[in-house]
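Colleague:
Number of protein chains: 2
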Amino acid sequence: MNTTTPAQQAMQTLLEQLGPIAVLIGDDVPARNRNDYSGFEATRPLAVIRPADAAGVATAMRICHEYGVAVVPQGGLTGLCGGARADGEQVALSLERLVGIEEIDEASATMTVWAGTPLETVQKAADEAGFFCPLDLGARGSCAIGGNLSTNAGGNRVIRYGMAREMVLGIEVVLPDGTLVTSLNKMIKNNAGYDIKHLFIGSEGTLGIITRVVLKMFPKPASTMVALCAIENYAGAVKLLGAARRDLGPLLSAFEAMWPDYWQFITTNVHGVRNPFAGDDTQYGAYVLIEATGTDPEIDSARFNAWLERLLEDGTVSNAVISQSVADQHALWNVRDSVGELHQLWPGHLAYDIGLPVASMNEYAQRCKAQLEAELPGCQSVFYGHIGDGNVHIVIYLPGAAKQPKDAVDEIVYGLVQQYSGTVSAEHGIGTLKQRWLPQARSPEYLGLMKTLKAALDPKNVLNPGKVI
Amino acid sequence: MNTTTPAQQAMQTLLEQLGPIAVLIGDDVPARNRNDYSGFEATRPLAVIRPADAAGVATAMRICHEYGVAVVPQGGLTGLCGGARADGEQVALSLERLVGIEEIDEASATMTVWAGTPLETVQKAADEAGFFCPLDLGARGSCAIGGNLSTNAGGNRVIRYGMAREMVLGIEVVLPDGTLVTSLNKMIKNNAGYDIKHLFIGSEGTLGIITRVVLKMFPKPASTMVALCAIENYAGAVKLLGAARRDLGPLLSAFEAMWPDYWQFITTNVHGVRNPFAGDDTQYGAYVLIEATGTDPEIDSARFNAWLERLLEDGTVSNAVISQSVADQHALWNVRDSVGELHQLWPGHLAYDIGLPVASMNEYAQRCKAQLEAELPGCQSVFYGHIGDGNVHIVIYLPGAAKQPKDAVDEIVYGLVQQYSGTVSAEHGIGTLKQRWLPQARSPEYLGLMKTLKAALDPKNVLNPGKVI
Numbered sequence: 090m091n092t093t094t095p096a097q098q099a100m101q102t103l104l105e106q107l108g109p110i111a112v113l114i115g116d117d118v119p120a121r122n123r124n125d126y127s128g129f130e131a132t133r134p135l136a137v138i139r140p141a142d143a144a145g146v147a148t149a150m151r152i153c154h155e156y157g158v159a160v161v162p163q164g165g166l167t168g169l170c171g172g173a174r175a176d177g178e179q180v181a182l183s184l185e186r187l188v189g190i191e192e193i194d195e196a197s198a199t200m201t202v203w204a205g206t207p208l209e210t211v212q213k214a215a216d217e218a219g220f221f222c223p224l225d226l227g228a229r230g231s232c233a234i235g236g237n238l239s240t241n242a243g244g245n246r247v248i249r250y251g252m253a254r255e256m257v258l259g260i261e262v263v264l265p266d267g268t269l270v271t272s273l274n275k276m277i278k279n280n281a282g283y284d285i286k287h288l289f290i291g292s293e294g295t296l297g298i299i300t301r302v303v304l305k306m307f308p309k310p311a312s313t314m315v316a317l318c319a320i321e322n323y324a325g326a327v328k329l330l331g332a333a334r335r336d337l338g339p340l341l342s343a344f345e346a347m348w349p350d351y352w353q354f355i356t357t358n359v360h361g362v363r364n365p366f367a368g369d370d371t372q373y374g375a376y377v378l379i380e381a382t383g384t385d386p387e388i389d390s391a392r393f394n395a396w397l398e399r400l401l402e403d404g405t406v407s408n409a410v411i412s413q414s415v416a417d418q419h420a421l422w423n424v425r426d427s428v429g430e431l432h433q434l435w436p437g438h439l440a441y442d443i444g445l446p447v448a449s450m451n452e453y454a455q456r457c458k459a460q461l462e463a464e465l466p467g468c469q470s471v472f473y474g475h476i477g478d479g480n481v482h483i484v485i486y487l488p489g490a491a492k493q494p495k496d497a498v499d500e501i502v503y504g505l506v507q508q509y510s511g512t513v514s515a516e517h518g519i520g521t522l523k524q525r526w527l528p529q530a531r532s533p534e535y536l537g538l539m540k541t542l543k544a545a546l547d548p549k550n551v552l553n554p555g556k557v558i
Numbered sequence: 090m091n092t093t094t095p096a097q098q099a100m101q102t103l104l105e106q107l108g109p110i111a112v113l114i115g116d117d118v119p120a121r122n123r124n125d126y127s128g129f130e131a132t133r134p135l136a137v138i139r140p141a142d143a144a145g146v147a148t149a150m151r152i153c154h155e156y157g158v159a160v161v162p163q164g165g166l167t168g169l170c171g172g173a174r175a176d177g178e179q180v181a182l183s184l185e186r187l188v189g190i191e192e193i194d195e196a197s198a199t200m201t202v203w204a205g206t207p208l209e210t211v212q213k214a215a216d217e218a219g220f221f222c223p224l225d226l227g228a229r230g231s232c233a234i235g236g237n238l239s240t241n242a243g244g245n246r247v248i249r250y251g252m253a254r255e256m257v258l259g260i261e262v263v264l265p266d267g268t269l270v271t272s273l274n275k276m277i278k279n280n281a282g283y284d285i286k287h288l289f290i291g292s293e294g295t296l297g298i299i300t301r302v303v304l305k306m307f308p309k310p311a312s313t314m315v316a317l318c319a320i321e322n323y324a325g326a327v328k329l330l331g332a333a334r335r336d337l338g339p340l341l342s343a344f345e346a347m348w349p350d351y352w353q354f355i356t357t358n359v360h361g362v363r364n365p366f367a368g369d370d371t372q373y374g375a376y377v378l379i380e381a382t383g384t385d386p387e388i389d390s391a392r393f394n395a396w397l398e399r400l401l402e403d404g405t406v407s408n409a410v411i412s413q414s415v416a417d418q419h420a421l422w423n424v425r426d427s428v429g430e431l432h433q434l435w436p437g438h439l440a441y442d443i444g445l446p447v448a449s450m451n452e453y454a455q456r457c458k459a460q461l462e463a464e465l466p467g468c469q470s471v472f473y474g475h476i477g478d479g480n481v482h483i484v485i486y487l488p489g490a491a492k493q494p495k496d497a498v499d500e501i502v503y504g505l506v507q508q509y510s511g512t513v514s515a516e517h518g519i520g521t522l523k524q525r526w527l528p529q530a531r532s533p534e535y536l537g538l539m540k541t542l543k544a545a546l547d548p549k550n551v552l553n554p555g556k557v558i
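Chains as they are written, first to last, in this note's numbering: chain A, 90 to 558; chain B, 90 to 558.
(1) Checking 8 Å against the spacing of the C-beta atoms, do Val270 of chain B and Leu538 of chain A come in under that value?
(2) Am I right that Ile277 of chain A and Leu258 of chain A are in contact with their C-beta atoms under 8 Å? What's the rounded C-beta distance?
(3) For the pair the segment 497 to 506 of chain A and the segment 426 to 438 of chain A, tell me if three or more CB-CB distances fall below 8 Å.
(4) How many Å lie between Leu461 of chain B and Val498 of chain B at the Cα?
(5) Could you tell me which residues DSSP puts in a beta bridge with Asp194 of chain A?
(6) What is the residue span of the alpha helix (DSSP H) that Asp142 of chain B lies within?
(7) In or out: Ser414 of chain B buried (at least 16 other Cβ within 10 Å) or exposed?
(8) Flag Ala186 of chain B as yes if its beta-carbon sits less than 8 Å from any beta-carbon of chain A, otherwise no.
(9) Under 8 Å, do Arg334 of chain A and Leu341 of chain A count as touching if we go by C-beta distance?
(10) Closer than 8 Å between beta carbons: that is the criterion. Which residues of the segment 264 to 285 of chain A meet it against chain B?
(11) Name the residue from A:Asp496, A:Leu522 and A:Leu527 whose alpha carbon lies nearest to the alpha carbon of Gly511 of chain A.
(12) Could you list which residues in chain A have their beta carbon closer than 9 Å to that of Tyr126 of chain B, in chain order?
(13) Excluding the five sequence neighbours on either side, which residues of its own chain have a C-beta within less than 8 Å of the C-beta of Pro308 of chain A, listed in chain order?
(14) When the Cα of Val513 of chain B is compared with those of B:Gly165, B:Val247 and B:Ala530, which residue comes out closest?
(15) In the DSSP assignment, find the alpha helix (DSSP H) that holds Leu269 of chain A and state where it starts and stops.
(16) Can you say whether Ala215 of chain A is buried or exposed, counting buried as having 16 or more other CB atoms within 10 angstroms of its CB?
(17) Could you tell me which residues DSSP puts in a beta bridge with Gln507 of chain B?
(18) At a Cβ threshold of 8 Å, is Asp478 of chain B touching chain A?
(19) Comparing the C-beta of Tyr535 of chain A with each C-beta of chain B, is any distance below 8 Å?
(20) According to the neighbour-count rule (16 or more other Cβ atoms, all chains shown, within 10 Å of its Cβ), is His287 of chain B buried or exposed?
(21) On the three-state DSSP scale, how would you describe Ile519 of chain A?
(22) Between which two residues does the beta strand (DSSP E) holding Arg133 of chain A run?
(23) Looking at chain B, is there any beta carbon in it that lies within less than 8 Å of the beta carbon of Gly252 of chain A?
(24) Below 8 Å on the Cβ atoms is my guess for Gly189 of chain B versus Gly164 of chain B; work out the distance and round it to an integer in Å.
(25) Entirely within the segment 466 to 505 of chain B and at least 3 residues each: give me those beta strand (DSSP E) ranges in chain order.
(26) Judging by CA-CA distance, which residue of A:Val377, A:His438, A:Arg139 and A:Ala440 is the nearest neighbour of Val410 of chain A?
(27) Let's see if you can read the secondary structure: which residues bound the alpha helix (DSSP H) around Met100 of chain A?
(28) Can at least three beta-carbon pairs, one atom from the segment 347 to 357 of chain B and one from the segment 386 to 405 of chain A, be found at a separation below 8 Å?
(29) Just curious, the alpha helix (DSSP H) that Asn394 of chain A is in, first and last residue?
(30) Per DSSP, Asp442 of chain A forms a beta bridge with which residues?
(31) Starting from the Cα of Val146 of chain A, find the closest Cα among A:Tyr126, A:Leu166 and A:Leu187 and give me that residue.
(32) Among residues of its own chain, excluding the 5 on either side of Gln98 of chain B, which ones have a beta-carbon nearer than 7 Å to its beta-carbon?
(33) Pop quiz: Ile299 of chain B and Leu226 of chain B are said to be a contact at Cβ under 8 Å. What is the actual Cβ separation, rounded to whole angstroms?
(34) Just to confirm the assignment, what range does the beta strand (DSSP E) spanning Val162 of chain A have?
(35) Would Pro310 of chain B and Thr199 of chain B be called neighbours here (beta carbons separated by less than 8 Å)?
(36) Tell me, please, which residues DSSP counts as bridged to Ala346 of chain B.
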């Protein structure tokens, strides 16, 4: 008579087939596999499975599928929305042993890499081969490329290079039933049937587990120009965006807007941030950091300076500081990157990552701020973002509150998003954190189609169940 | 007692609900809806349905789904693989009345357009708004943007701007059961759930009917430089590709390679083609047309010339002609574009559109040519293509043959493709023409996943049945 549960039988089979190094059960589950960066409480998965290769991932998935044990894929665990958290009934499948660059093909300008490889390793390998990996985000040292792709990561250079999705040529995935699909295409052009890689990129590990990818590599920029511009109002910032797109063309690599609330708070309160416009007491309506990268330092830089000169003359830009050195570039970027310091200044603050059509952003920001102040007196908020990509970040804080009023703020932020045909997640994903708000961004028919896809690929609902949809 | 067939009942219901302008039955089916550019025989669909709007497309699809009548979506009917041909048991659903630009949003740099709009109209509208639509192909005057997207069209500027897929931000589609899914997203960044648009782009109308799209618009190039280069051998062409990527960076907009067989045939036999290297009797190993576009005519052109000068000096390029005028540019492009003339010189020739990793292309070309000559004595072939995108075109002709030996040539061309991990269709798609060869490019697991998707979205198999898979 067999008195063990299906989960226990699954563990036994996993141990037999993958060995004890690959299967850590119960209290042996390491602390790092119990949480991500979402701020949710830590949970201990039933076990952590750490296969050594793609065949091992397929075996693990096949066994869990057979016994009906839910599997949660884990990469670098730097996600912000809870997509990689596994509970006590679920198995965490970690890609941490699938690491390394398999091949660099210079002629095709591609890199084939295992999914558990940290993004920073990918960046360095591209650099050493004379190429550039434009995907970049704060967690580069810890996040895994597989996680970057399963969440379709964004970042600061999307305006030039696109989202993570656009850097992928080939993919290898394990389906929820354990089928291994290997499609390590290196060609930019391949119209032989459906392009299935896009199903797995951005679906947060709910449709398949990415084990290996072929990434496009890009030419290494030889010149970098950075300027910080002060502009009369938001309409002026949109005009500047148009001019940057038109005149810098494909050299434009970042266009980061900061609303005055953000600018004043960061330059006043964050230690170590130098106000590039110190001494200029004008209250500007918008601030923009522009970065361009090119192939010839002398020519590109002279041209960039002349271009900004013209914009200052014709009044599009009211004041501007141009970097003269790499140190300058860092100092200018620092105003934008210092947003991380808000964790200390506004402990427990609420952070949002929404998307809106460019033309609606300022109206949205004004209405959102007004509504926050009206409904939550004393509420502070700062707005900034990659406006050229339709992406605004908002940090919101109610000083003195025992607990930040998340639900009330969610209602205001996401309620308004729907009115402007925006999105509740521009780059961080849905996970479990934003599930409730997904209908603000997607129609019932769209959500119905997502459910059809999930049911078709994972009818037993064993792969990352309860996430996204 | 009802003696009519389900198809007749469907026609009756369609007539009632959409009116006689939208439903042409039997002999009333216009000649244009009976074929595409695939070279297959014309067939007369049961009827042509021409709804006036997306709701009409949804209604038509719902009725046909209900009665089990197969629907074949039709755009400009310029496809080369038979994807839009409907037979006597099927209804052709033409998007020809869904035409026009709905909106241009300058701040978001987007255009919202109906699926039946000719590509050329889209290009002109972008141009008039001060933007650029980089998608371009020979059939621009007749092909519809919806067809371009359902086949994920490519073309000459993919190396810079990507395939048609990468120009799409939002989509509206009618599913096989008649559900209308509207997702006219304008944001570059939107990670709210699965990105379903990629399912419909490139699936050749087998998963849904695209009715409306939001396209990204690009900055209009202000300068164009074109050069034709003669290179010692293919390895030198790959080296030149590396140099062009690195030194021209994002300005590189086309890199078209021509093998010596192509070059000699075209410059010798096509009337009106001027050999830019006339007088130079050296037999070169490869010819490359390079185009770069930038934002400043003077600076960009001086830089382009200096760059080529260096490559001539260091021997990467053996001989080169740089355009001095727009007329020159056309003359240089003419060598590449004159391939269309082969229809006259080699009537009934066989044309292939394959993909290969860049490093394998020349070995492939040599083996393919040798095998063709060995198995089909007297067989002629020319090779050329967008090598930076991993795309080679081949034109093959057996002089004097009563009928071109398609099956034997297919075996050679596609058999070798599989050995090099290539693809049987880089840009033209599968339709019915290449179905037999799809397994050379995709694994059984990959094909299985395609079938799962088709079955999930179209369980009754009523939308473009028998195409692609």
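Cβ coordinates follow ideal geometry from the N, Cα and C atoms, glycine included.
Modeller: So, to answer that:
(1) Yes. Within cutoff.
(2) Right, their Cβ atoms sit about 7 Å apart.
(3) Remark: fewer than three beta-carbon pairs, one from each stretch, lie closer than 8 Å, so the segment 497 to 506 of chain A and the segment 426 to 438 of chain A are not flagged as touching.
(4) Answer to the nearest angstrom: the Cα atoms are 7 Å apart.
(5) Answer is A:Thr199, bridged to Asp194 of chain A.
(6) Asp142 of chain B -> no alpha helix (DSSP H), and no H or E assigned at all.
(7) Classification for Ser414 of chain B: exposed.
(8) Inspection of the sequence shows that residue 186 of chain B is occupied by Arg rather than by Ala. Arg186 of chain B is outside the set of residues whose beta carbon lies under 8 Å from a beta carbon in chain A.
(9) One thing to note: Arg334 of chain A has its Cβ within 8 Å of the Cβ of Leu341 of chain A.
(10) Listed in chain order, the positions of the segment 264 to 285 of chain A with a beta carbon within less than 8 Å of a beta carbon of chain B are Leu264, Thr268, Leu269, Val270, Thr271, Ser272, Leu273, Asn274, Lys275, Met276, Ile277, Lys278, Asn279, Asn280, Ala281, Gly282, Tyr283, Asp284 and Ile285.
(11) Cα-wise, what sits closest to Gly511 of chain A is A:Leu527.
(12) Neighbourhood of Tyr126 of chain B in chain A, by CB distance below 9 Å: empty, with the nearest CB roughly 16 Å away.
(13) Counting only Cβ-Cβ distances below 8 Å, and skipping sequence neighbours, we find Phe220, Phe221 and Thr384.
(14) Among B:Gly165, B:Val247 and B:Ala530, the Cα nearest to that of Val513 of chain B is on B:Ala530.
(15) Counting along the chain, Leu269 of chain A falls outside any alpha helix (DSSP H), though it belongs to the beta strand (DSSP E) covering Leu269 to Ser272.
(16) It counts as buried.
(17) None, per the DSSP bridge assignment.
(18) Cβ-Cβ to chain A under 8 Å: yes for Asp478 of chain B.
(19) Chain B contact via Cβ: present.
(20) So His287 of chain B ends up on the buried side.
(21) Note: Ile519 of chain A maps to coil in three-state DSSP.
(22) Looking at the DSSP string, Arg133 of chain A is not in any beta strand (DSSP E), and its letter there is neither H nor E.
(23) According to the sequence as given, residue 252 of chain A is Met; it is not Gly. Output row for Met252 of chain A: interface = yes.
(24) About 15 Å separates the two Cβ atoms, so there is no contact after all.
(25) At a cut-off of 3 residues, the continuous stretches assigned as beta strand (DSSP E) that sit fully inside the segment 466 to 505 of chain B are 469 to 474 and 480 to 486.
(26) Checking every option, the nearest Cα to that of Val410 of chain A belongs to A:Val377.
(27) Run containing Met100 of chain A: Pro95 to Leu107, per the alpha helix (DSSP H) assignment.
(28) With the cut-off at 8 Å, the segment 347 to 357 of chain B and the segment 386 to 405 of chain A do not touch.
(29) Per DSSP, Asn394 of chain A belongs to the alpha helix (DSSP H) from Pro386 to Glu402.
(30) Looking at the DSSP assignment, Asp442 of chain A forms a beta bridge with A:His482.
(31) The candidate whose alpha carbon is nearest that of Val146 of chain A is A:Leu187.
(32) For Gln98 of chain B, where only same-chain residues beyond five positions count, the Cβ hits under 7 Å are Tyr156.
(33) At roughly 17 Å, the Cβ-Cβ gap does not stay under 8 Å, so Ile299 of chain B and Leu226 of chain B are not in contact.
(34) Reading off the sequence shown, one finds Pro at residue 162 of chain A, where the question assumed Val. Secondary structure note for Pro162 of chain A: its beta strand (DSSP E) is the uninterrupted segment Val160 to Gln163.
(35) Not a contact, by the Cβ cut-off of 8 Å.
(36) DSSP, once it has assigned bridges, lists B:Val377 and B:Gly474 as partnering Ala346 of chain B.
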